[in-house]
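A.B. asks: Residue numbers (my numbering), protein chains in the order written: chain W, 2 to 212; chain B, 2 to 765. Beta carbons: idealized from backbone N, C-alpha and C, even for Gly. Dumping the structure here so I can ask a few things about it.
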């Protein structure tokens with residue numbers, strides 16, 4: 002449940018949303034992704050107002066406008082690694098050759114290029130999350146949403162995943178990340194939003210004290 | 002037992018939709034089982050059933066009133082070996098007329114339709130209540146367009162009394178040309194010097210074979226003056242004649258019942274097995290908390306049997322209701338009384354077999370899963386793992402939703418296979434039924450005689466020469482062939498052989514030859530392809546005992562005709578020099594008006610010639626309509642069951658894949674694409690089932706038609722009707738399989754499209 006929340010995220014920002022369980026972090030991300038609808042208020046992503054969009058329009062918006070990384074990866078178990086990545090490109094109507102090349106490039110960058118033909122069941126948690134990152138980035142989305150991307154990983158693997166996200170952010174990728182791990186967020190995010198009971202309780206830049 | 006029941010009942014409550022599907026499918030299965038079982042019983046021994054219901058007699062004997070009086074005949078009731086009898090009734094052949102159409106009826110004076118034996122069952126109207134009324138057989142009424150209230154003019158006396166038709170009856174005598182009037186009224190219908198007989202019906206202590214019946218008849222004859230017994234008919238002859246005449250409808254009913262039951266069994270087993278396979282994860286959890294393999298099996302069996310038992314309450318009466326029109330039509334086509342659609346024995350068996358099948362279909366996969374270790378069962382049930390489940394994305398020319406759907410169809414190969422088999426069984430059954438239907442219609446065409454249009458029969462003592470004169474004098478007569486039908490003895494064959502003897506240019510009758518040629522003169526014969534239980538072949542010689550003499554006959558051909566042996570009069574004349582034809586087949590000149598011709602000949606000799614146009618083959622009832630009704634019933638029920646099978650399979654798959662569907666939606670798959678994916682999954686199963694069902698149905702048709710022909714002693718095989726399948730119809734049937742699958746997919750697809758992404762993914 003969100004209550005009176007007003008938030009703007011600039012292009013190219015790496016924004017982390019912090020807060021305890023039930024604070025509304027995931028709800029915020031779901032609203033931005035068009036997976037959930039606000040009972041009142043508006044959500045605008047890249048100039049596109051989501052209010053009033055039908056299910057089909059929202060689906061089309063998600064294909065190219067949003068990349069989503071889930072806590073539990075949510076890979077399709079019956080597709081191999083590269084096909085898990087390609088399915089998103091295919092849904093977005095990408096060209097086959099270009100999409101394959103980009104998928105392989107992303108997997109290589111994420112250090113799992115050699116596992117392109119493996120199935121998710123054979124991958125570690127960290128590897129699965131890298132596949133999820135590749136899938137989320139394949140369509141060059143306006144915003145990359147990450148909901149507790151390290152929540153199911155050990156701390157070392159979580160650190161690696163965050164470093165990967167930072168690397169993509171440094172190349173201009175806008176990222177909105179939800180997490181409850183203060184230390185991890187403090188080390189990587191440039192802007193930190195604090196929430197409690199659906200309300201915005203703080204908004205600070207990295208290195209600043211909470212405003 | 003308590004935990005088993007707790008878990009089973011909880012599952013029934015939790016999986017309400019699946020329980021509803023099992024309930025509906027079980028209800029339809031029990032309905033078909035009840036229908037099929039009843040039809041099966043009908044086709045196995047319909048005559049015997051009617052014989053028992055109507056207290057059929059072993060023998061009907063006719064006594065000459067000039068040799069014996071009524072009390073002498075009545076006294077035969079107490080002869081040794083006679084266990085029951087009814088009669089005697091006064092009896093005579095009476096010509097009738099209605100709107101210039103003539104009929105010859107064997108009329109009995111009988112006041113009471115009931116009695117210990119030979120009961121007449123009134124199926125329309127009522128029994129006679131006094132003079133001036135007549136009751137006829139239902140076959141006669143249907144064949145001659147006679148309805149209750151019609152008035153028949155008796156032509157036997159100058160007074161020409163008129164009788165009102167008040168009822169239609171059925172009994173165990175297959176001869177349709179019979180009527181009943183009050184016992185005192187017969188004298189007014191016939192001339193004073195007309196020949197009258199008594200008829201009496203008997204049951205004997207021993208009457209299982211023709212030899213028994215002959216011995217019983219000898220006792221009757223010996224007790225009366227010589228020549229008193231003018232004729233007789235045994236129930237064995239009636240039964241054989243009945244079975245032969247109704248072989249078509251019996252064949253179809255038998256095939257319909259057997260194939261429909263088999264198809265329903267396959268589909269029901271698939272649905273139930275599919276439902277259990279979907280519960281593998283549950284099985285693993287049950288085992289993990291201490292359920293034994295036996296208890297696991299019991300949970301699933303009870304879970305499936307609970308809705309199935311409830312289905313029995315609906316299915317049995319539904320089966321009775323659905324059977325009634327089929328049974329009525331079949332009974333009408335077979336000239337038998339309509340049986341009660343409530344057959345408790347058959348219904349109980351249908352119920353027991355259906356429940357047994359469902360229990361077995363549930364027990365087998367549950368037993369298999371019950372023997373797995375808990376982790377394997379959970380793993381098997383939790384994800385579509387395995388090499389069949391894995392697939393590649395990369396079919397870029399086809400929309401991705403379709404490629405995913407096609408892949409999903411066999412992600413679980415066993416469940417996908419079972420669903421395809423359910424469609425296959427439905428399509429194969431309909432292909433089989435349509436082939437058989439077409440073959441039966443072609444079978445009728447084979448026996449049609451388009452070259453001849455009219456038959457004439459001599460009545461009373463009217464002579465052969467006078468008949469020929471009347472016929473030849475009409476300018477529209479082109480050709481007349483005389484005909485006489487006999488049964489002859491052939492050494493080595495236990496039963497009399499039906500023979501037709503032709504006088505004249507019989508080769509022009511237009512009988513279609515299956516092999517060889519028509520007979521060309523004395524010593525040659527043609528064998529009918531239908532009634533040839535002796536398997537006589539072209540080139541073989543048969544020694545027939547005809548009219549006390551021996552006639553060696555070389556078989557020169559086989560034809561599509563309803564007699565066993567046919568020969569020329571030149572073979573018959575040497576052993577029966579004074580014999581004459583009794584019936585005449587007339588070919589008219591081109592362009593002649595058949596009805597006008599029949600009217601002219603009837604008017605020329607109104608009292609002694611029975612002239613009729615040659616009608617289509619059959620008993621006067623619309624066999625095509627009966628077959629149509631059965632094929633439609635079969636199509637509707639099989640379609641419903643197969644559709645529900647697909648629905649059930651997709652429901653399970655959709656429920657199982659809800660997480661994947663949510664992920665795909667999160668990645669941007671639209672509701673329309675989700676629908677297309679699920680529908681494509683069903684479509685490919687329907688296509689596989691439909692396409693494979695076509696050759697399976699054709700193979701089933703060939704195998705069963707050949708097997709039934711062998712059993713029935715027919716020389717006809719499936720090869721006799723090479724074009725029984727219309728290619729367009731086959732394509733439509735394959736598409737019907739796809740359509741049924743698509744219909745079954747609509748609801749699961751819509752539910753899948755509405756999957757709430759956030760709820761599903763947040764529950765993980």
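Give every residue of the same chain whose Cβ lies closer than 6 Å to the Cβ of residue 394 of chain B, excluding the five residues on either side of it in the sequence, and list them in chain order.
C.D. replies: With a pLDDT of 47 at residue 394 of chain B, under the threshold of 50, the modelled position of this residue cannot be trusted; read the value that follows with caution. Hits under 6 Å: none found.
A.B. asks: Tell me, to the nearest whole angstrom, how far the beta carbon of residue 133 of chain W is from that of residue 104 of chain W; I am working on the premise that it is less than 8 Å.
C.D. replies: The pair is not a contact, with the Cβ atoms about 13 Å apart (cut-off 8 Å).
A.B. asks: Going by DSSP in three states, residue 594 of chain B sits in which element: helix, strand or coil?
C.D. replies: DSSP places residue 594 of chain B in coil when its eight states are reduced to three.
A.B. asks: Since residue 796 of chain B and residue 570 of chain B should fall inside the 8 Å C-beta cutoff, what is the C-beta to C-beta distance between them, to a whole number of angstroms?
C.D. replies: Not covered by the structure: residue 796 of chain B. The range shown for chain B is 2 to 765.
A.B. asks: Which chain W residues sit within Cβ distance under 8 Å of residue 672 of chain B?
C.D. replies: Those within 8 Å of residue 672 of chain B in chain W are 56, 57, 60.
A.B. asks: Name the residues in the stretch 435-454 of chain B whose C-beta lies less than 9 Å from a C-beta of chain W; which are they?
C.D. replies: So the list is empty, because no residue satisfies the distance condition.
A.B. asks: Can you round the beta-carbon distance between residue 139 of chain W and residue 179 of chain W to whole angstroms, since I take them to be within the 8 Å contact cut?
C.D. replies: Actually they are not in contact, since the Cβ atoms of residue 139 of chain W and residue 179 of chain W sit about 21 Å apart, beyond 8 Å.
A.B. asks: Along the stretch 650-667 of chain B, where does the CB come closer than 7 Å to a CB of chain W? Name the residues.
C.D. replies: Within the stretch 650-667 of chain B, the qualifying residues are 661, 664, 666, 667.
A.B. asks: Going by the CB atoms, is the gap between residue 454 of chain B and residue 588 of chain B shorter than 8 Å?
C.D. replies: Yes. Within cutoff.
A.B. asks: Quick one: residues in its chain with C-beta nearer than 7 Å to the C-beta of residue 34 of chain W, no 5 flanking neighbours on either side, listed in chain order?
C.D. replies: Correct list, in chain order: 63, 67, 69, 146.
A.B. asks: Output yes or no for whether 8 Å exceeds the beta carbon distance between residue 167 of chain B and residue 134 of chain B.
C.D. replies: Yes, they are a contact pair.
A.B. asks: Between the Cα of residue 762 of chain B and those of W/77, W/53, W/17, W/157, spot the shortest distance and give me the residue it belongs to.
C.D. replies: Comparing Cα-Cα distances from residue 762 of chain B to each of W/77, W/53, W/17, W/157, the minimum goes to W/77.
A.B. asks: Could you name the residues of chain W that residue 275 of chain B contacts, counting a contact when the two beta carbons are closer than 8 Å?
C.D. replies: Per Cβ cutoff of 8 Å: no residues; residue 275 of chain B is ~19 Å from chain W at best.
A.B. asks: Apply the 10 Å Cβ neighbour rule to residue 750 of chain B and answer buried if 16 or more other Cβ atoms are within range, or exposed otherwise.
C.D. replies: When all chains shown are included, residue 750 of chain B counts as buried.
A.B. asks: Say whether the stretch 668-681 of chain B touches the stretch 730-738 of chain B, bearing in mind that this needs 3 or more beta-carbon pairs closer than 8 Å, one atom from each stretch.
C.D. replies: No contact exists between the stretch 668-681 of chain B and the stretch 730-738 of chain B.
A.B. asks: Would you call residue 702 of chain B buried or exposed, if buried means 16 or more other Cβ atoms sit within 10 Å of its Cβ?
C.D. replies: By the 10 Å Cβ count, residue 702 of chain B comes out buried.
A.B. asks: Residues of chain B with a CB under 9 Å from the CB of residue 89 of chain W: which are they?
C.D. replies: The answer, in chain order, is 668, 669.
A.B. asks: Does residue 733 of chain B get closer than 8 Å to chain W when you measure Cβ to Cβ?
C.D. replies: No, its Cβ sits nowhere closer than 8 Å to a Cβ of chain W.
A.B. asks: Just the Cα atoms here: how many angstroms apart are residue 736 of chain B and residue 648 of chain B?
C.D. replies: If I take the Cα positions, the gap works out to 17 Å.
A.B. asks: Using a beta-carbon distance cut-off of less than 7 Å, what residues from the stretch 125-146 of chain W approach chain B?
C.D. replies: Under the 7 Å Cβ criterion, the stretch 125-146 of chain W contributes no residue.
A.B. asks: If the cut is a Cβ gap below 7 Å, which residues of chain W does residue 759 of chain B touch?
C.D. replies: What residue 759 of chain B touches in chain W: 31, 36, 37.
A.B. asks: On the DSSP bridge list, what partners appear for residue 87 of chain B?
C.D. replies: Paired residue(s): B/202.
A.B. asks: From the DSSP output, in three-state form, read off residue 147 of chain B for me.
C.D. replies: Of the three classes helix, strand and coil, the one that applies to residue 147 of chain B here is coil, per DSSP.
A.B. asks: Who are the Cβ neighbours of residue 39 of chain W in its own chain at under 8 Å, not counting the five residues just before and after it?
C.D. replies: Once the five neighbours on either side are set aside, the close Cβ partners of residue 39 of chain W are 3, 32, 52.
A.B. asks: Residue 8 of chain W by DSSP, collapsed to three states: which one?
C.D. replies: Coil.
A.B. asks: At which residues does the beta strand (DSSP E) containing residue 585 of chain B begin and terminate?
C.D. replies: Per DSSP, residue 585 of chain B belongs to the beta strand (DSSP E) from 584-589.
A.B. asks: Helix, strand or coil for residue 213 of chain B per DSSP?
C.D. replies: The answer is helix: DSSP assigns residue 213 of chain B an H, G or I state.
A.B. asks: For residue 141 of chain W, count neighbouring C-beta atoms within 10 Å of its own C-beta (all shown protein chains included) and say buried if the count is 16 or more, exposed if not.
C.D. replies: That one is exposed.
A.B. asks: Which complete alpha helix (DSSP H) runs does the stretch 133-204 of chain W hold, if anything under 4 residues is left out?
C.D. replies: Runs of the alpha helix (DSSP H) inside the stretch 133-204 of chain W: 156-171, 183-189.
A.B. asks: Cutting at 8 Å between CB atoms, please list the residues of its own chain near residue 307 of chain B, excluding the five before and the five after it.
C.D. replies: Result list for residue 307 of chain B: 9, 10, 13, 20, in chain order.
A.B. asks: When the cut-off is 8 Å and only beta carbons count, does residue 762 of chain B lie next to chain W?
C.D. replies: Yes, contact with chain W.
A.B. asks: Would you call the stretch 589-601 of chain B and the stretch 474-491 of chain B touching, i.e. three or more CB-CB distances under 8 Å?
C.D. replies: Taking 8 Å as the limit for Cβ pairs, the verdict is that the stretch 474-491 of chain B does touch the stretch 589-601 of chain B.
A.B. asks: Classify residue 640 of chain B as helix, strand or coil using the three-state DSSP reduction.
C.D. replies: Residue state, collapsed to three classes: helix.
A.B. asks: In the structure shown, what three-state DSSP assignment does residue 152 of chain B receive?
C.D. replies: Strand at residue 152 of chain B.
A.B. asks: To the nearest angstrom, how far is the alpha carbon of residue 138 of chain B from that of residue 126 of chain B?
C.D. replies: Their Cα atoms are separated by approximately 12 Å.
A.B. asks: I'd like to confirm the pairing. Which residues does DSSP put opposite residue 657 of chain B in its beta bridges?
C.D. replies: None, per the DSSP bridge assignment.
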